[in-house]
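S.K.:
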Amino acid sequence: MSTGIVPASVERGWRKYFDDPTPLLKQAPTAVAVGLAAILVVFIPNFPVTRELALTAIAGIGLVAAVTVMAAVLTARGMHEGWVVLLIPMIDILGIGMLRVGTGGASSLFSSLVLLPVIWIAAAPGFRHVFIVGIFTSIALLMPYVLEPPTDPVSWLRGVIGPLVFATVGAIVNELSRLQRWRTVQAEALVAERTAALAENQTMIDQLQAAETQYKFLLDSFSSLWASINAQAVIATDHSGTIIAWNPGAVRLIGLSVDEALADVRVDRFFAPDALAPFADPSIERVAGDVAPGLRTLFDEADGGRSVEADIELTTAGGSSIPARVTVSPYQGTDGARRGYLLVMTDETKASEVSRMKDEFVGMISHELRTPLSAIIGFLDLLQNDPEQPLTDDQQDFVAVIERNAKRLLNLVGDLLFTAQAESGRFPLERVDADLRDIVGSALTSAGPHAQKEGVELIAELPDQPIRLLVDPGRLGQAVDNLLSNAIKFTPRGGRVTARLEARDGSVRICIADTGMGIPKDEQGMLFTRFFRASTATRNAVPGVGLGLTITRAIVLAHGGHMDMRSEEGVGTEFWFDLPVALRTEALRLGDLRTT
Amino acid sequence: MSARPLALVVEDDLDQLALMRRYLDREGFDVFAAVDAETAISAFPEIRPSVAVLDLLLPGISGHECARLVRETFPECFLVISSVLDAAAYPAADAALPKPVVGASLHHLLDSIAR
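Heads up: the sequence lines are chains A and B, in that order. Those letters in the first sequence? Residues 827 to 1422, per our numbering, in order. Those letters in the second sequence? Residues 10 to 124, per our numbering, in order.
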């Protein structure tokens, strides 16, 4: 029997010695009883001792004494169980049997001592011990008849009935012990289970505490983050657009306190209806009580998992309007479920003011520059074409130089204005149905004199079939002019410039290739930067200000196309752009709506 | 020379005004020149221009407004807008004459209309 799992804290006192009794302790009752019997026999003068069999009695006592010593040895060696241990009570029974033989046989006072080792054996686990009890008690009780067989055969029954009673007692003891052992095992299992559960609980509590600490930390960081966002209004709404969170930035931008905003306010209250109208999708039927259709479109976009950005005019609580950039994203709870939408609004007042001022400035400057240039060019024209006072040939030449330079200045002003417009993303395209062969052809024609002067051969590779697209012929012509002019400028005398137009799969490519000086690899990435000039240009004193490619690319992009180049120093340069055959869907897109 | 048709020119830049007066004179027009829209409008009762050349960027009343008034008052008048602005920004008119203007382009334009 082991009690190792029982917590040490359980108070057991002296009884603990009985939890796992040593062989010596088990032997003690028998040894003491047999010892007392020996003392009684010696000191009581009239004790009925069979003289002839006194030696047998002494041998029996000796046998018990011997196994008591054996019990002590086994105890000392820590051996508490096993068949060797069980030999002790078995020998005890035989010893007591012999004692009984010597002290009167069947009438001996000490017959009942057999009970002590019997209980020991019977308490051992296993029903076989009941039979061992029966056999050994039978031997012990029949011992007197071995030396002196009885005359009455009925006396032999002693060897059967006595052991039967002992075996019955043994069976009861055996069953009781078995039950007790089973209960102990049950109790121990229960204790183990409880202990494990307790330990598990403790782990769980520790984990919960750690999680709580982390959660508190996150909550604190989030709260301070939330409170510190002043530059943007951050607003969370549920699915129906009702505000469920309102940060200090929103208080500042819209002028509504947190309490006021959380009092069942719908977010579209802060958008002017006509500010949202461009986003509305008329094909979606309006549900009564839903947010404004334009906002619903943005919400639907956000439902698609994308965050949507749009420039929308806000209406503050005070009724004034603010240009703002609004980002709408899906708002997810910690469990991953959609809880509504998150709107982040940035005040664009300053940005739009700056952009307006810049536009005004550029417009003013170009007006102020163009007006005097127009006067110069106009009066030069008068000078050249006055039938009453014709100029001399020299004078005509001089005036032509002045005029040419005035026109250069005028073009420069136009380019500057154009790049400024292109940068702010708005310059008007007047698309008409045009044959690209005509556009490339007329660009080649006007580049002719320039090429001839530079000693460069111009080659046209145009298809036989017309290629018609919806383009702005003026702007596109300007783009081709720029590329041709660059190619001619950067090609040494005797070189070739080829203009190629070809229909490709879904697009049209216009390519201008030259056999010129090329552009160094490390400078190619800078080519489309405003005012950038390649080192080959500055080294070879090629005139220009570095706006041509910027303008060309802006025109190509405005047509929904894209542009690229490749170049090798000393071999030549190739610039091309592809225009989509199908009209790009910019016009179909929702206003300024951008999805990221 | 009163048989010559009248051209109304509204232009705040005096050099440009003088240039336009020269061109129109060569094309056979008398010219009523105004440096702002207000001057032109106040003269409306006395004049009957067959051609009007208007600048857009004017002090006071804008060229757009002036063009509308000319169209309203003189429906028969051939309305030309001439400005440094992009032609795309011009109001509806009979012709656009982006600056810089040279004699040939004005000549070409006026050639096409009946005097």
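C-beta atoms are modelled at their ideal positions from N, C-alpha and C, and glycine is treated no differently.
Since A/A1232 contacts A/I1202 with CB under 8 angstroms, what's their CB separation in whole angstroms?
M.R.: Yes, A/A1232 and A/I1202 are in contact; Cβ-Cβ is about 5 angstroms, under 8 angstroms.
S.K.: Which class does A/F1253 belong to by DSSP, given the choice of helix, strand or coil?
M.R.: Reduced to three states, the DSSP call for A/F1253 is coil.
S.K.: Please check if any C-beta of chain B sits within less than 9 angstroms of the C-beta of A/T1197.
M.R.: With 9 angstroms as the cut-off, A/T1197 counts as an interface residue toward chain B.
S.K.: Can A/G952 and A/A993 be called in contact, C-beta distance under 9 angstroms?
M.R.: Their beta carbons are not under 9 angstroms apart, which means A/G952 does not touch A/A993 by this criterion.
S.K.: Check each residue of the stretch 100 to 114 of chain B: if its Cβ is closer than 7 angstroms to any Cβ of chain C, include it; give the result in chain order.
M.R.: Among the chains of the structure shown, chain C does not appear; the protein chains present are A and B.
S.K.: By how many angstroms is the C-alpha of A/G861 removed from the C-alpha of A/V910?
M.R.: Cα-Cα distance, rounded: 23 angstroms.
S.K.: Grab me the residues of B/D45's own chain with a C-beta within less than 8 angstroms of its C-beta, minus the 5 sequence neighbours each way, in chain order.
M.R.: So the list reads V19, D21, L67, P68, G69 and I70, once near-sequence residues are dropped.
S.K.: Please report the residue range of the beta strand (DSSP E) in which A/Y1157 lies.
M.R.: Element bounds for A/Y1157: S1147 to Q1158.
S.K.: Going by Cα to Cα distance, which pick from B/G37, B/L106, B/L78 and B/D64 is closest to B/I50?
M.R.: Nearest option by C-alpha distance: B/L78.
S.K.: Locate the beta strand (DSSP E) running through A/M1389, then write down its first and last residues.
M.R.: H1388 to E1394 is the span of the beta strand (DSSP E), which, as asked, contains A/M1389.
S.K.: Taking only three categories from DSSP, how would you classify B/I194?
M.R.: Any answer about residue 194 of chain B is impossible in this case: the structure gives chain B only from 10 up to 124.
S.K.: Count the CB pairs spanning the stretch 1136 to 1143 of chain A and the stretch 1097 to 1104 of chain A that are closer than 8 angstroms, and state whether there are at least three.
M.R.: As far as the Cβ criterion goes, the stretch 1136 to 1143 of chain A touches the stretch 1097 to 1104 of chain A, which means the pair count is three or higher.
S.K.: Thinking C-beta only, is A/D1126 closer than 9 angstroms to A/R1164?
M.R.: Not closer than 9 angstroms, so no.
S.K.: Which residues, in order along the stretch 1201 to 1222 of chain A, keep a beta-carbon less than 7 angstroms from a beta-carbon of chain B?
M.R.: Here the close residues are A1201, I1203, G1204, F1205, D1207, L1208 and N1211.
S.K.: List the residues of chain A that B/A97 touches, going by C-beta distances under 8 angstroms, in chain order.
M.R.: Here the neighbours are P1254 and E1256.
S.K.: Use the C-beta contact count for A/D978: other C-beta atoms within 10 angstroms, 16 or more gives buried, fewer gives exposed.
M.R.: Per the 10 Å Cβ criterion, exposed.
S.K.: DSSP state of A/Q1058, grouped into three classes?
M.R.: It is a strand residue.
S.K.: Taking Cβ positions only, does B/L118 come closer than 9 angstroms to chain A?
M.R.: No, no contact with chain A.
S.K.: Evaluate A/K1315 with the Cβ neighbour count: other Cβ atoms within 10 Å of its Cβ, from every protein chain shown; 16 or more gives buried, anything less gives exposed.
M.R.: The residue in question, A/K1315, is buried, as its Cβ has 16 or more Cβ neighbours within 10 Å.
S.K.: Mapping DSSP to helix, strand and coil, what is B/F38?
M.R.: B/F38 falls in the coil class under three-state DSSP.
S.K.: I need the boundaries of the alpha helix (DSSP H) containing A/M1425, first residue and last residue.
M.R.: Here chain A comprises residues numbered 827 to 1422, so residue 1425 of chain A is not present and cannot be evaluated.
S.K.: Starting from the beta carbon of A/H1193, find every residue of chain B whose beta carbon is closer than 8 angstroms, and list them in chain order.
M.R.: By Cβ distance, chain B contributes L66, V93 and L94.
S.K.: Output yes if chain B places a C-beta closer than 9 angstroms to the C-beta of A/L1045; else output no.
M.R.: Not one chain B Cβ lies under 9 angstroms of A/L1045.
S.K.: With 9 angstroms set as the bound, which would you pick, yes or no: does the beta-carbon of A/L1236 sit closer than that to a beta-carbon of chain B?
M.R.: Yes, its Cβ sits closer than 9 angstroms to a Cβ of chain B.
S.K.: Report the neighbours of B/D45 on chain A: residues whose CB is nearer than 9 angstroms to its CB, in chain order.
M.R.: In chain order: nothing, as chain A lies at least about 15 angstroms away.
S.K.: Quick check: is the beta carbon of B/L28 nearer than 9 angstroms to any beta carbon in chain A?
M.R.: B/L28 counts as touching chain A.
S.K.: Per DSSP, what kind of secondary structure is A/T1063 in: helix, strand or coil?
M.R.: A/T1063: strand per DSSP, three-state reduction.
S.K.: Just to confirm, is the Cβ distance from A/Q1350 to A/M1389 under 9 angstroms?
M.R.: Cβ distance not < 9 angstroms, so A/Q1350 and A/M1389 don't count as in contact.
S.K.: Once DSSP output is grouped into helix, strand and coil, what is the label at A/R1420?
M.R.: With a pLDDT of only 37 at A/R1420, under 50, the local geometry of the prediction cannot be trusted, and the value read off the model is given with reservation. A/R1420 falls in the strand class under three-state DSSP.
S.K.: Which residue marks the beginning of the beta strand (DSSP E) containing A/W982, and which one marks its end?
M.R.: No beta strand (DSSP E) holds A/W982; DSSP gives it neither H nor E.
S.K.: Would you say B/R80 reaches chain A, if we count a Cβ-Cβ gap shorter than 9 angstroms as a contact?
M.R.: Chain A contact via Cβ: absent.
S.K.: Considering only residues of the same chain and omitting the five flanking positions on each side of B/A104, which have a CB-CB separation below 8 angstroms?
M.R.: Hits under 8 angstroms: F87, L88, V89, I90 and L118.
S.K.: Closer than 7 angstroms by beta-carbon distance: list the chain A residues that pair up with B/D24, in chain order.
M.R.: Residues of chain A passing the Cβ test: A1201.
S.K.: Taking the C-alpha atoms as reference points, what is the distance between A/K1176 and A/A1150?
M.R.: Rounded to whole angstroms, A/K1176 to A/A1150 spans 10 angstroms at the Cα level.
S.K.: Please list the terminal residues of the continuous alpha helix (DSSP H) segment that includes A/A1103.
M.R.: Here A/A1103 belongs to no alpha helix (DSSP H), and DSSP marks it neither H nor E.
S.K.: Please classify A/S1333: does DSSP put it in a helix, a strand, or coil?
M.R.: Looking at A/S1333 - three-state DSSP - the assignment turns out to be strand.
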